[in-house]
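Before any comments, here is the structure.
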């Protein structure tokens with residue numbers, strides 16, 4: 001078994017190899033740690049690596065495997081986005097504010113996946129507090145896109161996507177508040193799933209916008225995402241918004257038969273604004289699904305246009321409330337030599353938060369302030385319902401809604417950094433899904449001039465299964481998900 | 001809606017952020033652009049639409065008020081930037 005074969009195998013394949021004792025978790029973990037060592041200098045995808053802890057868990061996994069006591073992910077190496085609290089392991093959220101923060105507890109996602117036997121290798125780079133679509137807002141430096149080192153990997157889960165695409169780990173976690181799993185998955189050529197709001201517990205995920213945040217898996221295949229979702233999901237007493245619903249065996253229930261599946265194509269996504277090359281790739285992927293038995297139906301989501309404006313009131317408003325906790329007193333960054341308490345608050349926050357985070361706090365504070373609450377926050381919550389109703393009506397006609405994951409391929413560093421609005425447009429096809437709380441995934445749909453593009457599939461609430469089925473079928477019939485960046489250029 | 005640098009300074013104070021004099025024009029300009037983007041909401045009629053704060057209109061689930069974890073005061077206090085004898089230290093508030 002060569003390292004290269006191991007590093008690009010799917011979780012499902014690795015699981016079989018581990019079960020068959022063809023490879024040990026320790027060997028696999030060593031191979032991943034070595035790959036992080038080789039590739040991270042060029043990519044900056046990982047903020048913290050925990051080699052000793054990882055090798056200890058790998059050996060423990062090997063002894064479980066030997067005794068036949070394995071769980072669904074026993075011995076599988078994994079990297080967590082650095083937004084998940086990990087007991088005893090620094091959790092920065094990509095911010096100077098939390099540069100030295102070591103949580104006293106594990107996020108529910110972390111403890112659930114640990115219980116399923118994963119081996120945590122470390123923590124992935126991300127946009128600061130998950131606010132960004134390019135990974136350029138991270139205090140720990142930008143992540144490079146492995147397909148072209150002069151381009152962004154997308155964001156905010158850009159470190160996770162880049163690490164996965166380069167074999168640093170076969171499985172990574174992300175969070176998605178407005179597209180932060182799906183857009184980087186699209187730009188790095190991997191599969192990423194944002195589950196339904198409430199499917200996965202938010203306990204221990206550093207909060208950005210609490211009514212939109214949702215954690216999910218990113219992997220090389222839809223099959224792997226199905227396996228990982230079952231491991232992550234479920235009701236949690238520690239998160240009152242986690243749904244009290246049974247968690248299906250998404251992997252066991254995968255069904256590639258798409259006969260009769262109705263896929264809706266919103267006219268508002270496939271309009272003249274859609275980049276022609278992206279349209280061609282997305283349509284090529286959809287015609288594969290059509291060949292597999294699905295029917296494509298034009299639908300309307302008439303208020304799609306308002307998603308960006310709605311999102312950029314609600315998300316900053318919730319963020320401004322959530323980020324009020326960083327006061328320089330109880331945890332996180334504190335400024336030097338504060339002259340009084342007010343100075344301590346003001347400077348700790350202004351020095352600890354980066355520019356984009358401060359901009360969103362300002363916008364959110366404004367939208368919630370006396371005299372503007374009705375005009376902004378209340379209004380945005382009303383439009384949120386209108387947008388959600390559009391989806392509900394559309395799902396009376398179709399089972400899945402399809403579109404692009406992002407408006408284009410990865411763009412060069414700095415291209416959109418000076419203009420917040422241009423950056424916000426990166427999530428034009430993903431934001432509405434968070435507003436409506438729906439599940440959405442991005443699966444590779446081929447390359448444009450050597451750079452990956454994703455197809456987005458959106459499902460009904462709590463129907464992750466149907467979008468996983470469709471993506472799985474697409475991955476059976478095409479090999480777009482197997483395309484890999486040239487790693488030699490990265491290591492050299 | 002137009003925004004003045006003074007408006008931005010006022011919001012910054014509410015949010016406990018400071019903006020340097022030299023950054024203020026650019027922060028104001030970018031802030032105004034974001035507000036311009038969201039002003040688009042005024043072009044849609046939402047009379048009688050009930051605001052949506054949770055995507056599934058879920059009811060708040062309550063649990064019994066019971067102790068479920070042991071006291072981890074020391075572990076949690078360890079994250080404090082400055083502390084003494086189990087208290088958070090801040091600059092003198094009362095003379």
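Chains as they are written, first to last, in this note's numbering: chain V, 1 to 492; chain L, 1 to 95. Don't be surprised by glycine CBs; every beta carbon is placed ideally from N, CA and C.
query: Can you tell me where the alpha helix (DSSP H) with residue 473 of chain V in it begins and where it stops?
result: 464-477
Cross-chain neighbours of residue 429 of chain V in chain L, by beta carbon under 8 Å: Within chain L, no residue comes near residue 429 of chain V; the closest Cβ sits about 17 Å away, beyond 8 Å.
- prompt: Would residue 427 of chain V be called buried (16 or more neighbouring beta carbons within 10 Å of its own) or exposed?
  reply: buried
message: Would the region 104-117 of chain V count as touching the region 191-206 of chain V if we require 3 or more Cβ pairs under 8 Å?
response: yes
message: Are the CB atoms of residue 297 of chain V and residue 398 of chain V within a distance shorter than 8 Å?
response: yes
- prompt: When DSSP labels each residue in this structure, what does residue 443 of chain V get in the three-state scheme?
  reply: strand
message: Restricting to Cα atoms, I'd like to know which of V/411, V/335, V/368 is closest to residue 91 of chain L.
response: V/335
query: Name the chain V residues that come within less than 9 Å of residue 67 of chain L, Cβ to Cβ?
result: Residues of chain V passing the Cβ test: none, with the nearest at roughly 13 Å.
query: Checking contacts by CB at 8 Å: is residue 361 of chain V closer than that to chain L?
result: yes
- request: Output, in chain order, the set of chain V residues within a Cβ distance shorter than 9 Å of residue 54 of chain L.
  value: 197, 198, 211, 241, 437
field: Under 9 Å by beta carbon: chain L residues contacting residue 347 of chain V
entry: 18
message: If you follow the alpha helix (DSSP H) that residue 295 of chain V is in, where does it begin and where does it stop?
response: No alpha helix (DSSP H) holds residue 295 of chain V; the beta strand (DSSP E) holding it covers 295-299.
- request: Measure how close the beta-carbons of residue 5 of chain V and residue 487 of chain V come, nearest whole angstrom, since I'm counting them as under 8 Å.
  value: Not really, about 13 Å apart at Cβ, beyond 8 Å.
- request: Could you give the DSSP three-state label for residue 305 of chain V: helix, strand or coil?
  value: helix
query: Just reading off the alpha helix (DSSP H) that residue 28 of chain L is part of, what are its end residues?
result: 24-38
task: Measure from the C-beta of residue 24 of chain L to each C-beta in chain V and report whether the shortest distance is under 8 Å.
output: no
field: chain L residues whose Cβ lies nearer than 8 Å to that of residue 341 of chain V
entry: 90, 91, 93
- request: Determine the DSSP secondary structure at residue 419 of chain V, reduced to helix, strand or coil.
  value: coil
query: Helix, strand or coil: which one does DSSP assign to residue 113 of chain V?
result: helix
- prompt: Quick one: what's got a C-beta closer than 8 Å to residue 35 of chain V's C-beta in the same chain, skipping five residues either side?
  reply: 3, 7, 166, 167, 168
- prompt: On the premise that residue 431 of chain V lies in contact with residue 179 of chain V, defined as a C-beta separation below 8 Å, what is that separation, rounded to the nearest angstrom?
  reply: 6 Å
query: Beta carbon of residue 83 of chain V: closer than 7 Å to some heavy atom of the ligand SAM?
result: With respect to small molecules bound, the structure shown includes none, and the ligand SAM cannot be examined in it.
message: Less than 8 Å between the C-beta atoms of residue 146 of chain V and residue 485 of chain V, yes or no?
response: yes
query: Between V/462, V/119, V/410, which lies nearest to residue 195 of chain V when the distance is taken from Cα to Cα?
result: V/462
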